[in-house]
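The block underneath contains the structure these notes are about, expressed in structure tokens.
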Amino acid sequence: MGEPVGFAVIDTETTGLRTGYRHRIAEIAVIHCDLGGQVTDEWSTLLNPNRDLGPQAIHGIRAAEVRKAPRFDQIAGDLIAKLRDRVVVAHNWPFDAMHLRAEFERMGMAETPLTADAGLCTMRAAGRVLPHSRRSLIDCCAAAGLTGMRWHTARDDAMAAAVLLGYILRHDPGTARFSAAQALAAAWVWPTLPVDLVEPVHRLPADHVDPHFLARLVERLPRDEEPVVDAYFAMLDNALLDRQISVSESDALIDVADRLGLGKAEAVSVHHTYLRELARAAWADGVITDDERTDMHAVAALLGLSGQIVDQVLAEERGSTGGSVAVGGLALRPGDKIALTGTMQRDRAEITTLAVASGLRVTTGVSRKTAVLVAADPDSLSGKAKDARALGVPVVGEDVFLKAVSALQGQAQPAPSLG
2 MGEPVGFAVI
12 DTETTGLRTG
22 YRHRIAEIAV
32 IHCDLGGQVT
42 DEWSTLLNPN
52 RDLGPQAIHG
62 IRAAEVRKAP
72 RFDQIAGDLI
82 AKLRDRVVVA
92 HNWPFDAMHL
102 RAEFERMGMA
112 ETPLTADAGL
122 CTMRAAGRVL
132 PHSRRSLIDC
142 CAAAGLTGMR
152 WHTARDDAMA
162 AAVLLGYILR
172 HDPGTARFSA
182 AQALAAAWVW
192 PTLPVDLVEP
202 VHRLPADHVD
212 PHFLARLVER
222 LPRDEEPVVD
232 AYFAMLDNAL
242 LDRQISVSES
252 DALIDVADRL
262 GLGKAEAVSV
272 HHTYLRELAR
282 AAWADGVITD
292 DERTDMHAVA
302 ALLGLSGQIV
312 DQVLAEERGS
322 TGGSVAVGGL
332 ALRPGDKIAL
342 TGTMQRDRAE
352 ITTLAVASGL
362 RVTTGVSRKT
372 AVLVAADPDS
382 LSGKAKDARA
392 LGVPVVGEDV
402 FLKAVSALQG
412 QAQPAPSLG
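The sequence shown begins at 2 in this note's numbering and counts up one residue at a time.
Shown next, in the form of structure tokens:
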């Protein structure tokens with residue numbers, strides 16, 4: 002197996018989230034970088050998705066622009082040539098991988114190396130190199146001091162991701178070290194397809210439009226620190242920006258969550274977390290307007306949550322300690338992330354159910370954002386306990402935690418099920 006010759010940084014603009022609902026790629030860009038992160042080449046084109054363009058308020062592509070654009074199968078040979086012998090890169094790679102896989106499958110190519118773990122994700126890598134950055138590409142670039150970028154076309158976003166990759170490689174080369182899956186994808190033996198069948202088609206310059214409330218909020222949302230959840234949240238960021246609510250979109254979110262490895266119960270839990278993060282961002286200026294509240298209700302509807310939950314979360318997040326309950330030295334609030342370790346006296350599934358019903362989110366690991374680690378023995382020597390102490394996360398016993406949960410239960414609402 003030969004060594005990769007460099008990176009292929011990809012960005013796609015799509016007609017929607019769910020490939021199973023015939024959503025297609027409407028624009029694609031590939032930026033080549035050498036192994037040091039230096040940009041060496043670029044290529045991009047609009048694509049005719051042979052369907053409506055979906056959230057045009059987000060991607061800004063007009064139907065008149067794609068009428069004469071090539072189909073995916075007409076540029077597949079060019080794209081394959083851009084991917085050969087290169088490690089694929091994207092900001093939230095699992096999303097782009099899912100859509101690229103689907104496009105090749107429509108052509109009859111059932112096997113491709115474009116799996117969720119076959120690409121280098123700059124969103125995940127930036128979280129290690131720039132631990133205080135939020136997950137959006139704009140925020141990651143700002144945290145790295147990479148200003149003056151253009152945004153929201155496939156070419157511009159791919160170029161920004163490529164520049165971010167260069168920053169990551171300069172400041173922490175180990176973060177971008179090739180994994181076995183990435184090296185395997187780079188060495189994949191692609192079929193030989195014709196190239197240069199059609200000329201690329203580029204969009205016309207668009208007038209600048211100031212982002213609306215939700216777009217501004219989304220750019221301020223923090224990382225979750227669980228890679229799969231962050232990937233899902235990044236997809237939610239895009240799905241929510243047009244505020245077009247439909248049953249099919251809500252179903253699509255669950256389908257995407259499942260493809261990423263989130264079960265239905267976990268998806269409900271992260272939907273609550275996402276709504277709460279929006280509420281915290283909305284309260285940053287100390288005011289919630291009627292329009293902002295309407296947007297929050299629209300988000301809740303898309304996430305399968307009730308309007309009552311919106312009012313509850315906004316009330317709880319109004320102050321920095323709103324909704325919190327302290328028992329002894331342990332203060333918990335709805336939306337906090339907790340983890341469990343050891344064999345408890347009560348069944349772990351029962352403890353998890355109680356925690357979720359109190360508005361808490363149970364995670365499998367410990368991170369800087371974990372509010373508390375619940376241990377069968379507070380002096381536990383488990384890996385989670387060692388991680389918690391290293392990160393300054395409190396470790397408490399089962400009894401103390403259950404008292405705090407009991408105090409919270411009067412305030413939290415049970416998580417609703419999604420249809």
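No residue lacks a Cβ here, since even glycine has one placed at the ideal position from N, Cα and C.
> When you compare each of F105, L315, R224 to L131 by their alpha carbons, which one comes out closest?
Replying inline: Mapped onto the sequence shown, residue 131 falls at position 130. The option with the nearest alpha carbon to L131 is R224.
> Over what stretch of residues does the alpha helix (DSSP H) that includes R277 continue unbroken?
Replying inline: Against the sequence shown, residue 277 aligns to sequence position 276. Residues 265-283.
> Which runs of the alpha helix (DSSP H) spanning at least 4 residues fall entirely within the segment 315-403, listed in chain order?
Replying inline: 349-358, 384-392
>> Quick check: the Cα distance between L419 and G305, rounded to an integer number of angstroms?
In response: One-based indexing of the sequence shown puts residue 419 at position 418. One-based indexing of the sequence shown puts residue 305 at position 304. Bear in mind that the predicted position of L419 carries a pLDDT of just 43, short of 50, making it unreliable; the figure below should be weighed with that in mind. Near 6 Å, if we compare the C-alpha coordinates of G305 and L419.
> With distances taken from CA atoms, which of H133, A155, A163, L333 is nearest V202?
Replying inline: Position 201 of the sequence shown, counted from the start, is the residue given in the question as residue 202. Among H133, A155, A163, L333, the Cα nearest to that of V202 is on A155.
> Looking only at its own chain, which residues have a Cβ that is under 7 Å from the Cβ of L194, when we skip the five neighbours before and after it?
Replying inline: Taking the sequence shown and counting its residues from 1, one reaches residue 194 at position 193. Within the same chain, L194 has close Cβ partners A77, G78, I81.
> Exposed or buried, R136, counting other C-beta atoms within 10 Å across all chains shown (16 or more means buried)?
Replying inline: By one-based count along the sequence shown, residue 136 stands at place 135. Label assigned to R136: buried.
>> Just to confirm my understanding: we take D158, look at its own chain, exclude 5 residues before and 5 after, and list those with CB closer than 8 Å. What are they?
In response: Counted from its first residue, the sequence shown places residue 158 at position 157. Contacts found: D12, A30, H92, L138, W152.
> With 16 as the cutoff for other CB atoms within 10 Å, does V199 come out buried or exposed?
Replying inline: What you label residue 199 is simply residue 198 of the sequence shown in a count that begins at 1. It counts as exposed.
> Given a threshold of 16 other Cβ atoms within 10 Å of its Cβ, counted over all protein chains shown, does Y204 qualify as buried or as exposed?
Replying inline: Taking the first residue of the sequence shown as position 1, residue 204 is located at position 203. First, the amino acid is wrong: residue 204 is Arg here, not Tyr. Flag for R204 reads buried.
> Which partner residues of H33 appear in the DSSP bridge assignment?
Replying inline: Residue 33 sits at position 32 when you count from the first residue of the sequence shown. Among the bridge pairs identified by DSSP, H33 is matched with A9, D42.
>> If I follow the unbroken alpha helix (DSSP H) through R125, where does it start and stop?
In response: As a working mapping, residue 125 is identified with position 124 in the sequence shown. R125 -> alpha helix (DSSP H) spans 123-130.
> For E43, which residues from the same chain have a beta carbon less than 6 Å from its beta carbon, with the 5 sequence-adjacent residues on both sides left out?
Replying inline: Here the question's residue 43 lines up with position 42 in the sequence shown. These residues qualify, in order along the chain: I32.
> Should T422 and L54 be called a contact, given that it needs their Cβ atoms to be closer than 7 Å?
Replying inline: There is no way to answer for residue 422, as the model of the chain reaches only from 2 to 420.
>> Looking at the strands, I want to know which residues DSSP matches up with A91.
In response: Working through the sequence shown from its first residue, we reach residue 91 at position 90. Answer by DSSP bridge pairing, in chain order: C122.
>> By alpha-carbon positions, which one of R369, Y275, L261, T148 ends up nearest to D388?
In response: Residue 388 sits at position 387 when you count from the first residue of the sequence shown. The residue with the shortest Cα to Cα distance from D388 is R369.
> Would DSSP call E1 helix, strand or coil?
Replying inline: What the structure shows of the chain is the stretch from 2 to 420, and residue 1 is not part of that stretch, so it cannot be assessed.
> Does any C-beta atom of chain C lie closer than 7 Å to the C-beta of D256?
Replying inline: Included in the structure is just one protein chain, with no chain C present.
>> Within a Cβ cutoff of 7 Å, which residues of the same chain sit near A145, ignoring the five residues on either side of it in sequence?
In response: By one-based count along the sequence shown, residue 145 stands at place 144. Here the set comprises L131, L165, Y168.
> Would DSSP call L47 helix, strand or coil?
Replying inline: One-based indexing of the sequence shown puts residue 47 at position 46. It is a strand residue.
>> I need the straight-line Cα distance from V314 to Y275, nearest angstrom please.
In response: Counting from one through the sequence shown, the residue named residue 314 turns up at place 313. Counting from one through the sequence shown, the residue named residue 275 turns up at place 274. Rounded to whole angstroms, V314 to Y275 spans 11 Å at the Cα level.
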